[in-house]
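Here the UniProt record's numbering is used: the sequence shown runs in plain steps of one and ends on residue 382.
Please read the structure below before turning to the comments.
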Amino acid sequence: MALRISPLGWGAAVVAVVGLVLGRWLGWAEAAALGAALTGVLVVSLLMTLGRSRFAVTLDMADRRVKVGERAVGRVEVRNGGRRRSLPATIELPVGAAVAELAVPGLGPGVSHDELFAIPTARRAVVVVGPVRSVRGDPLGLARRAVRWTTPVELFVHPLTVGLTGSGSGLLRDLEGQSTRDLSDSDLSFHALRDYVAGDDRRYIHWRTTARRGSLMVKQFEDTRRTQTVIALGTDPRDYRDEDEFELAVSIVASLAVQTIREQRDIAVLAGPGALRVETPPLLLDDCSRLVLQDGGAGVALLGRRVARETPDVSVAVLVTGSRPDDATLRLGARHVPAGTRTVLVRCERDAEVAVRTQGPLSLATVGALSDLPRMLRRVVA
């Protein structure tokens, strides 16, 4: 509950005091009359803010996660929890930086009133909806008293993504099953049988061969490799021509990461001040909704260092940036990625044609639209 005097109200109070003082000291009747009139208006305004509403208010969002372009639908329910009929009231619903006003009619005891609302989502963001508050005030706007009824709700506007199933996600495919020449006593790729020696794990004894030969035989395996994919996004505004280019970069990061998570592969996504959550696609997309360009953010020249520092065991690295860095800067960013890492540098340049150049383990790719991402990946892994 908060009582607020508007700037107009404070101005009226100052004029009222000055008028009363001048009227008393100088005998200026007109000034005294003006001061008395304004004092009366202020008293009436304050009286109109008094009173207590016994509302029970519910703020319900049909879905707290939507994609860019979808409408988020919600409902505000106001119920009269008192024993007497309530007076008509005004309910305010903050939505981001805007405030919507909802008119609530007089309600009988136990009667409720519903107001439906829809929020357009033109851009990726986290929109704070609420808290719902009732407002009492005077018609002149001199004073108002607001009572908060609900807690704020976060609405996540997720970036657009494109499906990658069967369309070139081979770059992110798990390398499990691609055997190396290193032998191991416990892995997934069976290689051969050998004689048992003291200390071998008895779980790997091959009993059928042991029975046939009369001596213990154990399985020997070849090491297999697993991919740890790291996707790093540059957030330095100097790397991007405009906000739309950054939105394309975020959508590419989200698309690659969601596909990798769905395939249950090891992944880390580095963006902003820390790593994004990768337990489930919704959590990842929630964190993507918060990403912003920031002065001092990591540019592409620093992404390789960050990958090496935070994920030294990486086997596939995808570095995503805007169109401003030149090829020399891109290669500088890739130079610090751990040796032997399959590295793809993705330059986002709106409306550009797909282009891929590969030299050894490094690929430089250009993408002009989100729909071009599957085609770019197919060319990278070709």
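Positions of the beta carbon are idealized from the N, C-alpha and C atoms, including for glycine.
Only a predicted model underlies this, so the values are computations on that prediction, with no experimental measurement involved.
Confirm, please, whether the CB-CB distance from residue j to residue i is below 8 Å.
i: Leu-364; j: Asp-327; result: yes
i: His-158; j: Arg-277; result: no
i: Leu-42; j: Ala-16; result: yes
i: Thr-235; j: Ala-298; result: yes
i: Val-126; j: Glu-154; result: yes
i: Ala-268; j: Val-230; result: yes
i: Leu-284; j: Ala-143; result: no
If you draw a straight line from the alpha carbon of residue i to that of residue j, how long is it in whole angstroms?
i: Phe-55; j: Val-135; result: 12 Å
i: Arg-324; j: Cys-348; result: 9 Å
i: Ala-232; j: Leu-256; result: 11 Å
i: Asp-286; j: Asp-242; result: 22 Å
i: Lys-67; j: Arg-378; result: 26 Å
i: Ala-317; j: Pro-374; result: 17 Å
i: Ala-308; j: Ala-369; result: 29 Å
In the DSSP assignment, find the unbroken beta strand (DSSP E) run with residue i in it and report its ends.
i: Ile-205; result: Note, Ile-205: premise wrong, no beta strand (DSSP E); not H, not E.
i: Ser-363; result: 362 to 367
i: Leu-345; result: 342 to 348
i: Leu-59; result: 55 to 61
i: Gly-74; result: 71 to 80
i: Glu-353; result: Premise fails: Glu-353 is in no beta strand (DSSP E) and is neither H nor E.
i: Ala-298; result: From DSSP, Ala-298 is part of no beta strand (DSSP E); its letter is neither H nor E.
i: Asp-313; result: From DSSP, Asp-313 is part of no beta strand (DSSP E); its letter is neither H nor E.
Whose C-alpha, out of the options, is nearest the C-alpha of residue i?
i: Thr-341; options: Ser-323, Glu-353, Pro-361; result: Pro-361
i: Arg-124; options: Asp-200, Asp-239, Leu-293; result: Leu-293
i: Leu-345; options: Met-376, Glu-77, Gln-259; result: Met-376
i: Arg-238; options: Ala-97, Arg-75, Ile-252, Gly-296; result: Gly-296
i: Phe-156; options: Thr-260, Ala-62, Gly-19, Ala-355; result: Ala-62
i: Gln-228; options: Arg-148, Thr-311, Leu-160; result: Thr-311
i: Asp-351; options: Met-217, Glu-245, Val-218, Asp-200; result: Glu-245
i: Thr-121; options: Gly-96, Pro-105, Pro-139, Asp-200; result: Gly-96
What did DSSP end up calling residue i once you bin it into helix, strand or coil?
i: Pro-282; result: helix
i: Gly-9; result: helix
i: Ala-29; result: helix
i: Glu-154; result: strand
i: Thr-235; result: coil
i: Leu-373; result: helix
i: Arg-305; result: helix
i: Glu-115; result: strand
i: Thr-121; result: coil
For the alpha helix (DSSP H) holding residue i, just list the boundary residues, first then last.
i: Ala-254; result: 243 to 262
i: Leu-330; result: 327 to 335
Is any heavy atom of the ligand NAP found at a distance shorter than 7 Å from the C-beta of residue i?
i: Lys-67; result: Of ligands this structure carries none, so the ligand NAP is not represented either.
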